[in-house]
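Here the structure is laid out as structure tokens; the discussion comes afterwards.
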Amino acid sequence: MNLITSIIFDFDGTLADTATVIVDTMRRTFTDMGLPVPDEEDMRRTIGMKLLLALAKLGNLSDSQAVDAAERYKRFFREYAVDQVRLFPEVAETLHKLWEEGIRMAIATSRNAESLETILANNDITHCFEKIVSNSDNLAPKPEPEMVLTLLQRMGVGAGETLVVGDTTFDIEMGKRAGCRCCAVTWGNHDIETLATAGPDFYIDKFSELLTILDH
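Per my numbering, residue 825 is the first one in the sequence shown, and the count goes up by one each step.
Okay, here's the thing in structure tokens:
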């Protein structure tokens, strides 16, 4: 089996604790549109989906309503939420260590590029990532493999030497369809029983446990 030389990370729920601010922003969006606010657990379950699809599903929205909702959401997130986002424990320290050890890292996220770049800069981890693909790239949404395949091509690395790390079945299915090994984190938006349905190769309960996976 090939050594892992590169890692592709999901962002929301994997690197950063965004669930509360995402739900608050969704609640603000539906309220602003005069629409019923979806159940909180339903909103949490859509985290990781492309924003337009998540909002449409939650509110049973028409195409034009979904576009309107997504624009409102992005504006509210930028104005009220982006500076509240914090990384999960051990993330910054472990990313810096991986970077120092020469592990090549990238992000595949359903978040838009503008908010992602702000959060990365706020937490001093921008330099850790060689490449990023986001919702702004207009690639096929998770669990389709296009985001991972695009990163592999742009980085010039093989699927066999790449680990995809995420907190939802969308991330794990995306990575597996691209031919990569996959690691599920247990602190995110899908519980371990749900994650198991996607068949990850590894699970971690703390972010620093990634170092152990790479050592083996």
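Ideal Cβ placement from N, Cα and C applies to all residues, glycine included.
What you are looking at is a predicted structure, and each value in this text was computed from that prediction instead of being measured.
Assigned exposure category for residue i - 16 Cβ within 10 Å defines buried
i: G837; result: buried
i: Y897; result: buried
i: G872; result: buried
i: T933; result: buried
i: H1014; result: buried
i: T993; result: buried
i: S830; result: buried
i: D834; result: buried
Three-state secondary structure (DSSP) of residue i
i: D834; result: coil
i: F912; result: coil
i: M857; result: coil
i: V981; result: coil
Best match in the options for proximity to residue i [C-alpha to C-alpha]
i: V1096; options: V847, M873, E970, K874; result: Shown here, the chain extends from 825 to 1040; a query on residue 1096 therefore has no answer.
i: I927; options: L976, F953, A964, D834; result: F953
i: H951; options: H920, Q889, N962; result: H920
i: T842; options: A880, D1015, V989, A905; result: A905
i: P969; options: I949, K1000, D961, L987; result: K1000
Cβ shell of residue i (< 6 Å), same chain only, five flanking positions each side left out
i: V1009; result: T838, D991, I1028
Cut-off 7 Å between Cβ atoms - residues of its own chain near residue i, not counting five sequence neighbours on either side
i: N826; result: G984, E985
i: L877; result: P965
i: F900; result: T849, R852, T853
Own chain, CB closer than 8 Å to residue i, minus 5 neighbours either side, in chain order
i: Q793; result: The question about residue 793 has no answer here: the residues shown for the chain are numbered 825 through 1040.
i: T855; result: V861
Point to revise | Contact the segment 968 to 987 vs the segment 938 to 949: 3+ CB pairs below 8 Å | key: The answer is no - the segment 938 to 949 does not touch the segment 968 to 987, with fewer than three Cβ pairs under 8 Å.
Exercise for review: Determine, using beta-carbon pairs with one atom in the segment 927 to 937 and one in the segment 956 to 964, whether at least three such pairs fall under 8 Å.
Suggested key: Of all C-beta pairs linking the segment 927 to 937 to the segment 956 to 964, three or more are shorter than 8 Å, placing the two stretches in contact.
Review point. How about the segment 908 to 920 and the segment 872 to 889: do they share at least three Cβ pairs that are nearer than 8 Å?
Key: Here the segment 908 to 920 makes no contact with the segment 872 to 889; the two share fewer than three CB pairs at distances below 8 Å.
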